[in-house]
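Residue numbers (our numbering), protein chains in the order written: chain A, -10 to 308; chain B, 396 to 686. Every residue gets a Cβ at the ideal spot worked out from N, C-alpha and C, and that includes glycine. No experiment lies behind these values; they were computed from the predicted model shown.
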Amino acid sequence: MRKIRRWGPGLLLVSPSILLVAVFVYGLIGWNVKVSLSDWRQAQETSGFDTGAYAELFPSAELGQVVEFFRSIVTGYQSDTLTTDPAWVVDVRHALLFTIAFVAGALIVGGSLAFLLDKGVSGEGMFRAIYLFPMAVSFIAAGVVWRWLMNPAPGDRSTGFNLLFDKLGLGFLRNEWYLGPDWGAAALAVPAVWALSGYIMALYLAGFRGVPEELREAARMDGASEWRVYRHVVFPHLRPVTLSALIILGHISIKVFDLIVAIGGKQLITQTPAVYMWILIYDARDYAKGAAIATLLLVGISVLIIPYLIYTVRSEREA
Amino acid sequence: MTTVALEPTIRRRRRRRRAAKVAKYGALAFAALIVLLPVYVLLVASFKSGTEADPSRAWALPQAWSLDAWREAWNGEQYGLLPFLKNSLKLVIPATLISTMLGSLNGFVLSRWKFPGSDVVFLFLLFGMFIPYQAVMIPLTQIFIDVDFPEGLPRLIFAHIVYGIPITTLIFRSYYATIPEDLIEAARMDRAGMLRTYWSVVLPVSAPAFVVTAIWQFTSIWNDFLFAVFIVTDPAKWPVTVALNNTTGSFVTPYNVQMAAALIASLPTLVVYILMGRYFMRGLMAGALKG
C-alpha cells in the first residue's frame, strides 16, 4: 500500500488520456458496431436489430453466390444474378487493385532508392530531402495536380502525361489512367507511390545503415563479391524493415480516402470502400451500411496491426 | 611483364566502375526529376494568366508571368482561400499545442514513472493510432450533437487532440526512454515528487521531442481532410483542405487558379519541412509504427 504513493500519481496523470481513448476509440467503435447492426437506414434513427446492412456486403451462403461474388471481384465482370450490392463489389475490386499496385510500387521504388543511396553519394542529403518532400503535402493538394497529370481526355484536349507522351513521340504510352475500366484503380496508386516512396526509402536506408560494417567486411574478406555481400548479409537484415513497411503501406491502403476524393470525386469508377462509406452517410443517409463498411475496414486493419503490435512489444521487452 | 598483362583488366574494371557510378547518379537524378515534376506543373500553371492557361500549352513556361491566379486563389471573391487558411490556423495551433503537451506527460509516466500495468496501458493507447477513423466517425458526429458540443472548429480541435494522444505519447515515450536512469533516480533520492521530477529534470531536456511532435501534429492536422469533412458542416468554418477540394473539384474553376490554390494550401507545411526537415524526418522514424 505504501507503494501506491509512488506510482499512484503517474496513473492519475495518465488517466484523462486513458479515459478519452477508452470512450472515443473503444467506446465509439462499439457504438459503431451497434449502428451497423441496426435498421437505421434513413435519416431517422431507430433502435431495431437488423443485419440487413451486412447482408448487402456479403454474398449469401449459397455456393453459387459465393463463387459469383469472387468472380466479380477478380474479373471486374458485373453480374446480374449477384444479390450483393454491386457498388460494394466494385469497391472491393478497386481496393485490391490499388493495394497491390501501391504496396508493390512503393516497396520497389523506395527500396531501390535506398539501395542506390546506401554506399553514400555526394548530395545524399539533397536527394533524401527531395524524395521525402511529398510526405509534407496533403493528398488533397497533391490530388489537384495528379488529376491533371493523369487526365484521360482524348485528342486536342489532352493534358498532363498523355500530352507529354505525344510531344516526346511516346504516343503509344497514352492511356486512360484512373478512368480505365479495368485497371483504373491501379493508376490511382501512382500518386500514392509518389507520396510514400520517400518514406519507405528512409525506412530502408536506416535499415541498410543498421547492418554492422564488420559483417559486410567479414564477408568481403571471405572473398564474397559486393552483390553476394548484399544478398547474403545485408538483405536478410532488412526483413523487419520490410515487415514494418508492409504494415504501414497496407494500412494506409485499406483506408485510402482523401487521395481518391481529390482525384476522382464520388464517381463509381474510382470509388473505394472508404469513399463509399462517406457517400452512404452524406448522400444516401444509410447509416447502418456506412457503419458496416467502417467496421469491415477496422477488421481488415486489425488483422494486420494486432499481431504486429504484439510482435513489436515482445521484441521491445526482449531487447 | 605481369604489370603489362594486368593493366587492361584494371582499366576495364575502372571503366566499369565509372559507368556504374554514372548509372547510379543518373537513376537518382531521374527519380528526383519525377518527384519534382508535379511541383513544376503547379508552379508553371499558377503563374499563367487566364488567357494563357490553355491545356495545350500546359507543359510550357508562361509567356508572360502573371500573379492573377495567385491573387484570385489568395483572396479573390470567388475562390479566395484566405478565410479558410485562417480557420486552419485557428484549428492547428491549439490542437498541436495541447496534444503535444498531453503526449509529453503521458510519455513521461509510461517510460519513467511506470505503474503496474503501464505497458498494457501503452498498448491500449497505441491501438488508437491505427484504427481507420471511419470506424468512429458516425458515433463521433452523433455524440457532438447529443452533448451540444460547440459547433465547428472546437469539435475538430477536440477530435484532433483525442486521436492525437497515441502518436504523441509514442514519440515522447521513445524519447524519454533515452534519458539516463541516473538523472531520474537522483531526483527520486532527493524525494522529489513526480511533477517536480518532470518539471526540473525531464522537461528541460525535452525540447527536441517537443519540436518533433509539434511538427508531426502540425503537418497531419493541417493536411487532414477526413475529420474535417465529416465534422464541420458549416462551410464558413471549413479548414483549407476542405475548401481546396471544393474549389478544385469543380470543373468551372480555371486550372491556373486550381494550381495556385493547391500551392497556397501546401505552403505552411512545406515551409516547416524546408526549415525543419531534420526534425520532420525524426518524427517519421518514430512514427514508423504508424502510417
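Check                                                                                                                                    : Outcome
Contact set between the segment 627 to 650 of chain B and chain A, restricted to residues whose Cβ is under 7 angstroms from the partner : THR636, LEU639, ASN640, THR643, GLY644, TYR650
Interface partners of ARG146(A) on chain B, CB under 9 angstroms                                                                         : PRO450, SER451
Any 3 or more C-beta pairs closer than 8 angstroms across the segment 571 to 589 of chain B and the segment 524 to 542 of chain B        : no
Contacting positions in the segment 419 to 430 of chain B - beta carbon closer than 8 angstroms to chain A                               : LYS419, TYR420, ALA422, LEU423, ALA426, ALA427, ILE429, VAL430
Sub-8 angstroms separation of ALA530(B) and ILE18(A) beta-carbons                                                                        : yes
Three-state secondary structure (DSSP) of PHE503(B)                                                                                      : helix
Buried versus exposed, by CB contacts within 10 Å (16 or more), PRO5(A)                                                                  : exposed
Interface residues of chain A facing MET654(B) [CB-CB closer than 9 angstroms]                                                           : VAL133, VAL134, TRP137
Contact with chain A by ASN482(B), beta-carbon distance below 8 angstroms                                                                : no
Min CB distance TRP454(B) to chain A below 8 angstroms                                                                                   : yes
Residue environment, GLY678(B), which counts as buried when at least 16 other CB atoms sit within 10 Å                                   : buried
Residue environment, SER25(A), which counts as buried when at least 16 other CB atoms sit within 10 Å                                    : buried
Chain A within 8 angstroms of GLY686(B), Cβ atoms only                                                                                   : The predicted position of GLY686(B) is uncertain, since its pLDDT is 36 and thus under 50; a value taken from the coordinates is nonetheless stated next. At least one chain A Cβ lies under 8 angstroms of GLY686(B).
Which of helix, strand or coil DSSP assigns to SER661(B)                                                                                 : helix
Chain B contact residues for GLY94(A), given Cβ-Cβ distances below 7 angstroms                                                           : Under the 7 angstroms cutoff, chain B gives no residues; its nearest Cβ is about 12 angstroms from GLY94(A).
Cβ contact check for the segment 144 to 154 of chain A and the segment 457 to 469 of chain B: 3 or more pairs under 8 angstroms          : no
Pick from VAL292(A), LEU121(A), LYS278(A), MET139(A) that is closest to ALA175(A), judged by C-alpha positions                           : MET139(A)
Three-state secondary structure assigned by DSSP to SER27(A)                                                                             : strand
For ILE270(A) and ALA638(B), the rounded distance between their alpha carbons                                                            : 20 angstroms
Nearest to VAL56(A) (by Cα), restricted to the options THR73(A), TYR43(A), ALA44(A), GLY41(A)                                            : THR73(A)
Cβ separation of GLY523(B) and VAL14(A), assumed to be a contact under 8 angstroms, to the nearest whole Å                               : 4 angstroms
Length at least 4, wholly inside the segment 573 to 598 of chain B: the alpha helix (DSSP H) runs in chain order                         : 576 to 584, 589 to 592
Own chain partners of ILE189(A) with C-beta closer than 6 angstroms, once the 5 adjacent residues on each side are dropped               : ALA95, GLY99, ALA234
Cutoff 8 angstroms: GLN529(B) Cβ touching any chain A Cβ                                                                                 : yes
Neighbourhood of LEU486(B) by C-beta distance below 8 angstroms, restricted to the same chain and skipping five residues each side       : LEU548, LEU551, ILE552, HIS555, ILE616, PRO634
Cβ-based contacts, 8 angstroms cut-off: residues of the segment 243 to 255 of chain A near chain B                                       : ILE243, LYS244, PHE246, ASP247, VAL250, ALA251, GLY254
Closest by C-alpha distance to LEU373(A), when choosing among ILE243(A), ALA213(A), ASP39(A), ILE268(A)                                  : It is not possible to answer for residue 373(A), since the shown part of chain A is limited to -10 through 308.
8 angstroms Cβ shell around ILE252(A) - same chain, five flanking residues per side excluded                                             : GLY132, TRP135, ARG136, MET139, TYR167, LEU177, PRO180, THR259
Contact list for HIS221(A) against chain B, beta-carbon separation under 7 angstroms                                                     : Ordered by position in chain B, no residue passes the 7 angstroms Cβ test against HIS221(A), which lies about 21 angstroms from the chain.
Integer Cβ distance of LEU621(B) from PHE224(A), believed to fall under 8 angstroms                                                      : Actually they do not touch by this definition, with Cβ atoms about 37 angstroms apart.
Residues in the segment 271 to 284 of chain A having any Cβ partner in chain B nearer than 9 angstroms                                   : TYR271, TYR276, GLY279, ALA280, ILE282, ALA283, THR284
Under 9 angstroms (Cβ pairs) to chain B, residues found in the segment 118 to 133 of chain A                                             : ALA118, ILE119, TYR120, LEU121, PHE122, PRO123, MET124, ALA125, VAL126, SER127, PHE128, ILE129, ALA130, ALA131, GLY132, VAL133
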